[in-house]
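Chemist:
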Amino acid sequence: MNLRHLRIFAGFPALLLLTTTPLAVASTPNLELITTSESDLGTTYSTSLTAFILMTLLAFLPIVIMTMTPFLRVSIVLAMMRQALGLNTTPNNKVIVAISLAVSLFIMQPVIGEILETSYTPFSQGQITLDVAIERGAAPLRTFMMNHTMPSYLETFLQMSGQEYTTKEDVPIVVLWAAFISSEIQTALTIGFFVFLPFVIVDLLVASVLMSLGMMMVSPIMISLPVKILLFVLVDGWLMIVDGLSKSYFIG
4 MNLRHLRIFA GFPALLLLTT TPLAVASTPN LELITTSESD LGTTYSTSLT
54 AFILMTLLAF LPIVIMTMTP FLRVSIVLAM MRQALGLNTT PNNKVIVAIS
104 LAVSLFIMQP VIGEILETSY TPFSQGQITL DVAIERGAAP LRTFMMNHTM
154 PSYLETFLQM SGQEYTTKED VPIVVLWAAF ISSEIQTALT IGFFVFLPFV
204 IVDLLVASVL MSLGMMMVSP IMISLPVKIL LFVLVDGWLM IVDGLSKSYF
254 IG
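Residue numbers for the sequence shown follow my numbering, beginning at 4 and rising by one.
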């Protein structure tokens with residue numbers, strides 16, 4: 004058997020599949036792949052389309068967590084705290100991400116509870132449709148971002164988009180999203196400055212003492228690093244930072 008015969012023999016399964024698949028699909032009645040229907044609750048989607056929409060939303064879940072929650076502010080402050088202490092790799096980036104996620108979920112507990120109560124639970128029980136569930140689930144998150152966005156940033160992004168501010172409900176979600184991210188970065192850098200300042204003072208004091216003692220060859224970092232860690236532990240700095248970050252949202 005030569006190479007030509009082998010190619011013909013190998014092509015038989017593919018040919019058989021192409022010829023039998025349309026017949027199988029055509030012989031299956033009421034095959035619902037992507038269908039919608041109207042009911043008393045609203046627009047109802049088929050199971051396949053509902054699963055596709057939910058999988059698409061899950062793909063955007065990391066972006067939502069990082070940019071629509073306190074994650075951005077917390078991670079920036081923790082990174083600046085690590086830099087101020089002089090610990091370039093401790094804790095590492097994975098640990099900072101995990102801590103930021105835990106603190107963000109703690110702060111977002113009321114919002115998550117409202118989303119579960121008004122959106123997920125009725126949808127899982129078949130009381131509302133998917134589009135209504137998405138609309139209800141986005142409302143608490145939208146309120147959270149609106150309450151913690153600086154008005155000046157919101158007005159600036161509204162002007163850049165060519166729209167005027169009327170009510171909170173009329174602000175487009177994209178404009179609110181961009182304003183919230185910029186506001187969070189500004190707030191995080193402000194908090195990080197006040198976290199950084201005491202450690203800079205410690206570095207300056209240690210460097211001045213070493214200079215006055217004539218110890219030019221001794222690196223100030225070797226002396227200031229354990230002093231900063233000890234100072235941070237004595238004043239319970241970790242609790243102060245987490246408490247301050249949490250209260251910045253709860254009070255606001």
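Just so you know, even glycine gets a beta-carbon here, dropped at the ideal spot from N, CA and C.
The alpha helix (DSSP H) spanning residue 171 covers which residue range?
Modeler: By 1-based counting over the sequence shown, the position of residue 171 is 168. Looking at the DSSP string, residue 171 is not in any alpha helix (DSSP H), and its letter there is neither H nor E.
Chemist: Considering only residues of the same chain and omitting the five flanking positions on each side of residue 223, which have a CB-CB separation below 7 Å?
Modeler: Numbered from its first residue, the sequence shown carries residue 223 at position 220. So the qualifying residues of the chain are 206, 209, 210, 213.
Chemist: Got a sec, what are the start and stop residues for the alpha helix (DSSP H) residue 117 sits in?
Modeler: Numbered from its first residue, the sequence shown carries residue 117 at position 114. Where residue 117 is concerned, the enclosing alpha helix (DSSP H) stretches over 112 to 118.
Chemist: Hey, would you say residue 249 sits closer than 9 Å to residue 74, going by beta carbons?
Modeler: The count along the sequence shown starts at 1 and reaches residue 249 at position 246. The count along the sequence shown starts at 1 and reaches residue 74 at position 71. No, these two residues do not count as a Cβ contact at 9 Å.
Chemist: Using only CA atoms, which one of 219, 133, 102 lies nearest to residue 242?
Modeler: As a working note, residue 242 is residue 239 in the sequence shown. When each option's Cα is compared against that of residue 242, the closest is 102.
Chemist: Hey, out of 106, 186, 162, whose CA is closest to residue 149's CA?
Modeler: For the purposes of this step, residue 149 is identified with residue 146 of the sequence shown, where counting begins at 1. The shortest C-alpha separation from residue 149 is found at 186.
Chemist: For residue 79, report the span of its alpha helix (DSSP H) as first-last.
Modeler: The sequence position of residue 79 within the sequence shown is 76, counting from 1. Element bounds for residue 79: 74 to 88.
Chemist: Kindly list the residues whose CB is nearer than 7 Å to the CB of residue 256, restricted to its own chain and excluding five residues on each side of it in sequence; keep chain order.
Modeler: Not covered by the structure: residue 256. The range shown for the chain is 4 to 255.
Chemist: Would you kindly check if the distance between the Cβ of residue 143 and the Cβ of residue 117 is under 9 Å?
Modeler: Taking the first residue of the sequence shown as 1, we reach residue 117 at position 114. Taking the first residue of the sequence shown as 1, we reach residue 143 at position 140. Yes. Within cutoff.
Chemist: According to the neighbour-count rule (16 or more other Cβ atoms, all chains shown, within 10 Å of its Cβ), is residue 3 buried or exposed?
Modeler: Nothing about residue 3 can be reported from this structure: the residues present for the chain run from 4 to 255 only.
Chemist: Taking the C-alpha atoms as reference points, what is the distance between residue 162 and residue 193?
Modeler: For this step, residue 162 is matched to residue 159 along the sequence shown. For this step, residue 193 is matched to residue 190 along the sequence shown. Using only the alpha carbons, I get a separation of about 25 Å.
Chemist: Could you pull out every residue in the same chain whose Cβ sits closer than 7 Å to the Cβ of residue 195, ignoring the five residues on either side in sequence?
Modeler: Numbered from 1 along the sequence shown, position 192 holds the residue referred to as residue 195. For residue 195, where only same-chain residues beyond five positions count, the Cβ hits under 7 Å are 79, 80, 83.
Chemist: Just how far apart, CA to CA, sit residue 120 and residue 231?
Modeler: Here residue 120 corresponds to residue number 117 of the sequence shown, with the count starting at 1. Here residue 231 corresponds to residue number 228 of the sequence shown, with the count starting at 1. Taking the straight line from one Cα to the other gives about 45 Å.
Chemist: Quick one: what does DSSP say residue 13 is sitting in, helix, strand or coil?
Modeler: Here the question's residue 13 lines up with position 10 in the sequence shown. Caution is warranted here: a pLDDT of 42 is assigned to residue 13, below 50, making its placement in the model unreliable, and no coordinate value can be reported.
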